[in-house]
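Residue numbers (the numbering used here): 587 to 754. Each residue gets a CB set at the ideal place from its N, CA and C atoms; glycine is no exception. In what follows, a single structure is set out as structure tokens and then discussed.
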């Protein structure tokens with residue numbers, strides 16, 4: 587009997603670990619683009635919020651041009667029909683020329699939280715990869731997952747906009 591309880595506990599633990607890992611992976615969405623531009627050119631472009639209107643048809647960010655950690659700023663996402671959704675985000679971290687992230691919450695992390703990571707990885711002096719990743723938590727996310735992930739596909743257009751802007 588002791589063996590079966592131990593075995594059952596191990597099975598339950600393993601199943602829980604696998605499901606937790608799977609669920610955690612389902613709470614993430616990542617897109618990337620390879621660019622023929624230096625990592626500093628990409629960083630300077632994605633952090634120059636005032637110039638977004640010149641190249642970015644998807645995203646507008648205002649009121650935190652220095653990406654001060656802990657400071658809120660305004661975000662507008664424009665869909666393919668030109669309609670926009672607006673919210674405030676909080677700068678979570680900044681490692682110059684490498685990455686920054688911002689978080690949006692609705693009624694606290696327990697209800698809905700989305701953290702958007704912007705990463706620049708140098709491949710050579712004149713090539714890099716720009717990666718955008720979103721991580722989600724909260725009760726609202728699971729029933730809205732499909733809708734949210736479909737909306738995030740719009741950011742592929744932002745990556746195309748960035749590529750055209752930097753590569754001509």
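Buried or exposed for residue i, please, with buried defined as at least 16 other CB atoms from any protein chain shown within 10 angstroms of its CB.
| i | result |
| --- | --- |
| residue 712 | exposed |
| residue 632 | buried |
| residue 718 | buried |
| residue 673 | exposed |
| residue 642 | buried |
| residue 697 | exposed |
| residue 637 | exposed |
| residue 702 | buried |
| residue 650 | buried |
Going by DSSP, name the residue or residues bridged to residue i.
| i | result |
| --- | --- |
| residue 686 | 680, 704 |
| residue 645 | 663 |
If distances are taken between C-alpha atoms only, which option among the options comes closest to residue i?
| i | options | result |
| --- | --- | --- |
| residue 675 | 695, 688, 681 | 688 |
| residue 751 | 616, 627, 695, 614 | 627 |
| residue 731 | 699, 714, 703, 707 | 699 |
| residue 621 | 656, 613, 709 | 709 |
Since residue i is in the beta strand (DSSP E), which residue starts that stretch and which ends it?
| i | result |
| --- | --- |
| residue 659 | 658 to 664 |
Residues in the same chain with beta-carbon distance under 8 Å from residue i, minus the five sequence neighbours each way, listed in chain order, please.
| i | result |
| --- | --- |
| residue 745 | 617, 618, 619, 716, 718 |
Could you pull the start and end residues of the alpha helix (DSSP H) that residue i belongs to?
| i | result |
| --- | --- |
| residue 738 | 727 to 738 |
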